[in-house]
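Here's the structure we're looking at; comments come further down.
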Amino acid sequence: MVNINIDKYSIEVPEGTTIMDAAKKCHISIPKLCYMEGLNEIGACRVCVVEIEGRERLVTSCNNVVEEGMVIYTNSPKVREARKVNVELILSQHDSNCATCVRSRNCLLQTISNDLGIIDLPYKKKLSKEKWTEGFPLVRDYEKCIKCMRCIQVCDKIQDLHIWDVAGTGSRTDVDVSGNIRIEESNCSLCGQCITHCPTGALRERDDIDQVMQALADPEKTVLVQIAPAVRTSWGEYFGLKREQATVKRLAAALRRVGFDYIFDTSFTADLTIMEEGSEFIKRLKNKENEKFPIFTSCCPGWIRFVKSQHPDMVKQLSTAKSPQQMFGAIAKTYYAKLLNIDPSKIFSVSIMPCVAKKYEAEVPAVNSAGSGRDVDVVLTTREVERLIRSENIQVEHLPEEELDTPFGIASGAAVIFGATGGVMEAALRSAYYLVTGKNPDPDAFKDVRGMDGWKESVFNIDGIEIKVAIASGLGNARKLIEAIRSGEVEYDFVEIMACPGGCAGGGGQPICEGQELACERSEVLYGLDKLNEIRFSHENPSIIKCYEDYLGEPLSEKSHELLHTDKSE
Ligand code: HC1
Ligand code: SF4
4 MVNINIDKYS IEVPEGTTIM DAAKKCHISI PKLCYMEGLN EIGACRVCVV
54 EIEGRERLVT SCNNVVEEGM VIYTNSPKVR EARKVNVELI LSQHDSNCAT
104 CVRSRNCLLQ TISNDLGIID LPYKKKLSKE KWTEGFPLVR DYEKCIKCMR
154 CIQVCDKIQD LHIWDVAGTG SRTDVDVSGN IRIEESNCSL CGQCITHCPT
204 GALRERDDID QVMQALADPE KTVLVQIAPA VRTSWGEYFG LKREQATVKR
254 LAAALRRVGF DYIFDTSFTA DLTIMEEGSE FIKRLKNKEN EKFPIFTSCC
304 PGWIRFVKSQ HPDMVKQLST AKSPQQMFGA IAKTYYAKLL NIDPSKIFSV
354 SIMPCVAKKY EAEVPAVNSA GSGRDVDVVL TTREVERLIR SENIQVEHLP
404 EEELDTPFGI ASGAAVIFGA TGGVMEAALR SAYYLVTGKN PDPDAFKDVR
454 GMDGWKESVF NIDGIEIKVA IASGLGNARK LIEAIRSGEV EYDFVEIMAC
504 PGGCAGGGGQ PICEGQELAC ERSEVLYGLD KLNEIRFSHE NPSIIKCYED
554 YLGEPLSEKS HELLHTDKSE
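Residue numbers (my numbering): 4 to 573.
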C-alpha cells in the first residue's frame with residue numbers, strides 16, 4: 004500500500020493506483036477529456052493534469068501512478084491555469100459553433116470549457132478544411148475534432164475494425180480514415196460506436212429530420228412510424244425521465260403530438276422475423292447434410308456490413324430473413340396500404356432506431372421489395388427523435404401514456420428482447436421449440452443466453468435434436484468467434500451476432516451519456532417488459548396470426564419470400 008495526500012486528504016491506496024483513481028477514492032473528480040477507462044489512458048488532452056509538491060512539471064493523472072509520500076494538488080492555481088491554456092489550445096483547432104452543433108448541451112468539451120470559465124479564444128486560428136461526407140450515414144466534422152483519439156481506440160480495441168487513424172504530424176495532425184481513403188470506401192460497419200464515444204460533435208449521424216418534417220406537412224401523405232425495441236429503454240434519458248416514466252406508450256403520445264398518423268412497434272415485425280427465420284432454420288437443420296452451418300442471424304446491418312467485407316464467403320450462411328425494420332417497411336406498403344385502402348405511394352414510412360447502420364440498411368436496393376419507392380423512407384436514430392421532440396416544444400414529462408395503434412402495435416415479450424444481446428436467439432428458440440414439438444416450452448427455458456458477456460454459447464435439446472448456439476456482441480468478439488469456427492475450434496448450429504457491445508441497447512444511435520455504458524441497464528428494462536407481457540411467444544401474437552391468415556399464407560410462402568426475404572450478397 005502507498006500513503007499519499009490529495010488536496011489535504013490523507014489516504015492509503017494500493018501500489019500501482021493512478022493519481023486519477025486515487026483522487027476518485029477521496030470523492031475528488033479530476034476533469035478529463037480524452038480519457039476512457041481501460042481504453043484510452045494516454046494523457047493526450049492534458050486536461051487531467053495535477054501538481055505534485057516538489058516537482059516543477061505538472062503530470063497527467065490518468066496515466067501516472069501514485070508514489071509513497073506524494074502530496075498532490077488537483078486544483079491549485081497553477082493546475083487551473085495550465086488546464087485552461089490546454090483547453091484554449093484545443094479550442095484553437097475547433098470550430099466552437101456550439102449553437103448549431105448536434106452535441107450542444109451534451110458535449111464534454113463544451114462542459115469543460117464552461118467549467119473553466121473560458122470566454123475568449125486567444126489562440127484561435129482560421130480553419131480551412133471542408134466538412135466531410137454529406138450523404139453517408141456517418142458524418143465527420145474535422146473542425147470539431149480535438150484529436151483525443153477516442154474513436155481510434157474504440158474502433159481498434161472494441162470493434163477490431165481499425166477504420167480511424169492519426170494522419171499528418173505536428174500542428175497538421177488529424178484523425179482520419181486509415182489508408183487515406185474516403186469513409187464510403189472503407190470497411191466501416193456503421194456501428195456508430197465512434198459517435199457514442201466522441202466527446203464533441205466531430206462525429207454524428209446524418210440528420211434526416213427535415214425529410215420527416217416535410218412528409219408530416221404534406222397533406223397527401225399518411226405518415227407512419229415504427230419504434231425499435233431498444234428505443235423504449237433509452238429515449239427518456241436526455242429528458243431526465245426515470246426509466247418507469249419513459250415508456251413506449253409515453254413516447255407514442257409524444258410522436259402523436261409531433262404529427263405522426265400511426266404509431267407502430269418494430270417488435271411486431273420482430274415476431275414476424277422469428278416466424279420466418281425460425282422456420283428457415285428448422286428447414287435448413289432438417290437438410291443438414293446439404294447446408295453449411297452455422298446459420299447466422301441477419302437483423303443487424305452493422306454485422307452484415309462486417310461479414311460482407313471481412314468474411315464474404317460466409318454471406319450465404321446468413322439467414323435470408325430481412326430485419327424487422329425492413330419487414331415492417333414491406334408490410335406497411337403492401338398489406339397495410341390494402342387495409343387502409345390507400346395507394347402505397349401515399350404512405351411515408353419512418354423508423355426510429357437505436358442504430359446508425361439502419362440508415363444504410365434502408366437504402367440497400369435489394370431490401371426494397373414493396374414496389375413503391377423505399378420500403379422505409381427515413382430512419383431516425385433515438386438521438387434525432389429526441390431533437391425532433393424538443394424542436395416541437397413537447398413537455399414529455401406532462402404527457403399521458405397512450406396506446407400504440409393496431410394491428411402493428413401488438414408484440415410479444417419475445418420480440419421486445421430483440422434489443423438485448425441474446426434476445427433474438429432466445430425468441431427464436433422459444434418458437435423453434437413450438438415448431439418442432441407443437442408445444443410451448445417454459446418461456447424462460449432458454450434464459451442461459453442472457454447477459455452481457457461478449458461471446459456466449461449454450462446447447463439445447465429440442466425433442467431429441469441437439470442445437471448448439473452462440474451469441475456475440477461487439478465486432479471484436481464477432482471476429483474471434485468466426486476465427487474459432489474457421490479453425491474448427493468450435494462448432495455451432497445457430498449464431499446471433501450484433502455489432503454493438505450489448506446489442507441494440509448499446510447501439511450507436513442511442514443517447515450519449517458520457518462515461519457510462521448503459522447496455523446492461525437498458526436490457527434489464529426489456530427483460531422486465533418480456534416478463535410482464537401476456538404474450539411470450541412470437542407465434543402467439545394475434546396480429547401475426549391474422550397477417551398470415553389474411554395476407555402471407557404461411558412462413559416461407561411465396562409471398563413471404565417476395566416481401567420478407569432477401570439475398571444478402573446483393
Ligand atoms: Fe435492433 Fe432489430 S433488435 S436490429 O437492435 O432485429 O436497430 O432495438 O429494431 O430491425 O426488432 C436495432 C433494436 C431493431 C430490427 C428489431
Ligand atoms: Fe445497429 Fe443494433 Fe447492429 Fe448496433 S447491434 S449496428 S444498433 S442493429
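Beta carbons are placed, not taken as given, at the ideal position from N, Cα and C, and that holds for glycine.
One thing to note: CYS197 has its Cβ within 8 Å of the Cβ of CYS154. Exposed is the label assigned to THR440, since fewer than 16 other Cβ atoms lie within 10 Å of its Cβ. When DSSP reads this structure, MET73 sits in no beta bridge, so it has no partner. Remark: the C-beta of TRP306 is in contact range of the ligand SF4, defined as less than 7 Å to any heavy atom. Going by DSSP, ILE465 is part of the beta strand (DSSP E) stretching over 458-465. Residue pairing by DSSP puts THR63 in a beta bridge opposite VAL52. Counting of Cβ neighbours within 10 angstroms places ASN6 among the exposed residues, the total staying below 16.
Fewer than three beta-carbon pairs drawn from the region 305-321 and the region 542-558 are found closer than 8 Å, and the two stretches are therefore not classed as touching. Annotation for GLY441 indicates a beta carbon at 7 Å or more from all heavy atoms of the ligand HC1.
Every beta strand (DSSP E) stretch that sits fully inside the region 366-442 and reaches 3 residues is listed by chain position as 381-384.
Per DSSP, the continuous beta strand (DSSP E) segment holding VAL178 begins and ends at 177-180. When distances are taken from the beta-carbon of LYS362 to the heavy atoms of the ligand SF4, even the shortest one reaches 7 Å or more. Around the C-beta of ILE548, fewer than 16 other C-beta atoms lie within 10 Å, and the residue is accordingly described as exposed. Per DSSP, VAL234 is not a residue of any beta strand (DSSP E), being assigned neither H nor E. Relative to the Cα of GLU524, the nearest Cα in the group PRO315, LEU321, GLU240, HIS30 belongs to GLU240.
Just measuring C-alpha positions, the residue of VAL178, ALA487, THR424, SER546 sitting nearest ILE166 is VAL178.
Note on geometry: alpha-carbon atoms of ASP213 and SER394 lie some 11 Å from one another. In the structure shown, the three-state DSSP call for THR269 is helix.
When Cβ pairs closer than 8 Å are counted between the two stretches, the region 528-540 is seen not to touch the region 160-176, the count staying below three. Around the C-beta of GLY376, fewer than 16 other C-beta atoms lie within 10 Å, and the residue is accordingly described as exposed. With a threshold of 16 other beta carbon atoms within 10 Å, SER192 meets it and is buried. Secondary structure of GLU527 (DSSP, three-state): helix.
In the pairwise beta carbon analysis, the region 63-70 is classified as touching the region 4-19: at least three pairs are separated by under 8 Å.
Taking C-beta atoms under 8 Å as the contact rule, ILE121 and VAL90 qualify, at a distance of about 6 Å.
Counting C-beta atoms within 10 angstroms of its own C-beta, GLU84 has fewer than 16 neighbours from the protein chains shown and is therefore classed as exposed. The region 180-194 makes contact with the region 342-360, as at least three CB pairs between them are under 8 Å.
When the five nearest sequence neighbours on each side are left out, the beta carbons in the same chain lying within less than 7 Å of the beta carbon of PRO17 are those of MET4, in order along the chain.
Around the beta carbon of ARG58, a 10 Å sphere encloses fewer than 16 other beta carbons of the protein chains shown; the residue is thus reported as exposed. Residue state for ALA205 is assigned as coil, using DSSP reduced to three classes. Your pair MET455 and GLY505 checks out as a contact, with CB atoms roughly 6 Å apart and the cut at 8 Å. Looking only at PRO202, SER282, THR21, the smallest Cα-Cα distance to ILE515 is reached by PRO202. In the three-state DSSP reduction, VAL318 falls in the helix class (H, G or I).
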